[in-house]
Structures are given as C-alpha cells and as structure tokens.
Amino acid sequence: MTYWLFDNANDAPDSAPVILLAHGAGVGYDSPFMERLAWSLSANGVSVARFEFPYMQKRREDGRKRPPDRQPVLLEHFESMVRQCRRNIGDQRTLVVAGKSMGGRMASLLAVTPGMPEQIQGVACFGYPFHPPGKPDKWRTGHFPEVAVPMAIFQGTRDPFGKPNELADHGPLPAHVRLQWLDGGNHDLRPLKKQGLGADALIDESARRAAAFVRSLG
Numbered sequence: 001m002t003y004w005l006f007d008n009a010n011d012a013p014d015s016a017p018v019i020l021l022a023h024g025a026g027v028g029y030d031s032p033f034m035e036r037l038a039w040s041l042s043a044n045g046v047s048v049a050r051f052e053f054p055y056m057q058k059r060r061e062d063g064r065k066r067p068p069d070r071q072p073v074l075l076e077h078f079e080s081m082v083r084q085c086r087r088n089i090g091d092q093r094t095l096v097v098a099g100k101s102m103g104g105r106m107a108s109l110l111a112v113t114p115g116m117p118e119q120i121q122g123v124a125c126f127g128y129p130f131h132p133p134g135k136p137d138k139w140r141t142g143h144f145p146e147v148a149v150p151m152a153i154f155q156g157t158r159d160p161f162g163k164p165n166e167l168a169d170h171g172p173l174p175a176h177v178r179l180q181w182l183d184g185g186n187h188d189l190r191p192l193k194k195q196g197l198g199a200d201a202l203i204d205e206s207a208r209r210a211a212a213f214v215r216s217l218g
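Residue 203 in the numbering used here sits at position 203 of the sequence shown, with consecutive numbering throughout.
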C-alpha cells in the first residue's frame with residue numbers, strides 16, 4: 001500500500017506546478033515540519049504530493065520503528081512515485097522532486113537515474129545532509145555534477161549536516177546547484193529564540209523561495 005497526502009495550490013490547483021515531497025529518515029510525511037512546509041508551499045501557489053518510503057509505511061502499519069531502507073529500495077520507490085505522479089498530473093505541468101534531509105538526498109540521486117531527468121524539471125532539498133554530523137570529511141555531493149536538472153538547496157546556517165564555513169572550505173558547488181542559506185536555522189529550519197521569529201518563520205521562508213524556484217522552471 002502507498003500512502004499519499006495532497007496539498008493543492010491555493011491558486012489554479014488544476015494547473016499549478018507540483019512538488020513530490022519525500023520525508024526524512026526518522027519521521028514520516030505528517031511530521032510537524034512536513035505539515036508546515038506543505039501548507040506553506042500550497043499557500044505560495046505550488047501543489048504538494050507527499051508519500052512515504054516502504055520502511056515508514058511498515059512502521060505506520062505495525063508501530064515498530066525501523067531504519068531506512070537501503071538506497072536502491074528508496075530510489076526504486078521514489079521512481080515509482082514519480083511515474084505515478086506524472087500519470088496523474090499529465091505531461092504539461094512542472095514536476096519537481098524534493099525532500100527533507102534524506103528525502104532530499106534521494107531526490108538529488110533520482111535526478112541522475114536513467115530516465116528520470118525526462119520526467120522532472122528540478123530538485124529541491126530542505127536541510128541537505130551534506131555530511132554526517134561531526135564528520136565533515138564524508139561528503140555526499142559526488143553526484144552533484146551529474147544532476148541533469150536545476151537543483152535548489154535550502155539550508156539553515158546552524159545545520160550540523162552542513163554549515164556555511166564547511167561549504168566554503170569544501171569549494172564551489174556546480175553552477176546548476178543553487179544553495180540558499182536561512183540565517184539561524186537548524187536542521188529543521190527552526191530559528192534561535194533571540195532572533196525573535198516565529199517557530200515556523202524559516203520554514204515559510206524556504207517555502208517562498210522554493211515556490212519561486214519551481215515557478216522559474218515552468
């Protein structure tokens with residue numbers, strides 16, 4: 001069984017661009033982060049289709065926590081979701097694959113999978129896991145030059161999976177990868193209290209920027 005959640009764009013829902021959004025490693029498609037991001041994207045004119053990977057579907061069915069599936073299983077499932085989503089929305093609407101953390105990494109890897117770049121127009125990542133926390137020597141960017149569509153990353157400046165100084169030391173990303181920093185945000189794009197922002201302010205800002213990115217691809 002495949003679980004889906006849909007958030008239709010507030011404006012022109014039948015023709016709006018679509019983001020196919022994957023969750024992170026530890027929580028499903030209805031986590032507070034995913035709920036707020038999907039709501040904010042739809043408020044900014046982008047429809048959102050959320051799905052869960054097989055291991056998270058099993059957790060939902062029996063309540064037992066499991067580690068993420070191996071990468072080939074994740075990518076195979078993501079690919080099947082792309083094809084199903086494309087059948088549902090037709091060939092003319094913009095489709096962007098996206099995800100939180102692990103889901104964003106899988107979206108970027110999907111964009112180098114044979115046959116997938118023809119199905120999608122872009123990739124969006126929210127809190128990309130550039131490296132495991134505390135291990136800035138283990139980078140997960142080797143496939144970036146091969147990503148065949150525009151890619152946008154929305155990253156908090158406090159994210160332990162990749163901070164500004166670490167990215168600066170790592171060297172420039174490929175020109176088609178657009179990295180946008182959200183000041184003060186952690187891995188869940190939560191700001192510092194001293195910033196005086198609402199808890200969801202940076203999620204909403206990332207959604208506004210992501211919606212602009214998606215519209216630029218149409």
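Glycine is no exception: its CB is placed at the ideal position from the N, C-alpha and C atoms.
Using DSSP with H/G/I as helix, E/B as strand and the rest coil, what is residue i?
i: V82; result: helix
i: D188; result: coil
i: K135; result: coil
i: Q180; result: strand
i: V97; result: strand
i: G162; result: coil
i: F33; result: helix
i: I89; result: helix
i: G156; result: strand
i: I120; result: coil
i: F126; result: strand
i: L20; result: strand
i: P114; result: coil
Based on the DSSP output, what are the partners of residue i in its beta bridges?
i: D7; result: V48
i: M106; result: Beta-bridge pairing links M106 to no other residue.
i: M151; result: V123, V177
So the candidates are the options; which of them puts its Cα closest to the Cα of residue i?
i: A9; options: M151, A38, L167, V27; result: A38
i: K65; options: A16, G142, G28, A152; result: G28
i: R86; options: M106, A49, K100; result: A49
i: V82; options: P150, A22, Q155; result: A22
i: H77; options: I89, M106, I203; result: M106
i: D30; options: D11, F53, A12; result: F53
i: V96; options: D69, S40, A175, Q119; result: Q119
i: L202; options: A168, F126, N88, V147; result: F126
i: E35; options: Y55, G90, G99, V73; result: G99
i: P129; options: V214, E146, K163; result: K163
i: Q57; options: V149, A25, E146; result: A25
i: V112; options: W4, G171, G142; result: G142
i: S40; options: S216, G90, D204, R209; result: D204
Hey, residue i and residue j are a contact pair by Cβ (cut 8 Å); roughly how many whole angstroms apart?
i: V152; j: A210; result: The question names Val, yet the displayed sequence has Ala at residue 152. Rounded, the Cβ-Cβ distance is 7 Å, consistent with contact.
i: S230; j: V73; result: Only positions 1 to 218 of the chain appear in this structure, which leaves residue 230 out of reach.
Just checking, does the stretch 155–166 make contact with the stretch 182–194 on the three C-beta pairs under 8 Å criterion?
yes
Tell me whether the stretch 52–71 and the stretch 170–183 touch, counting them as touching only if at least three CB pairs, one residue from each stretch, are closer than 8 Å.
no
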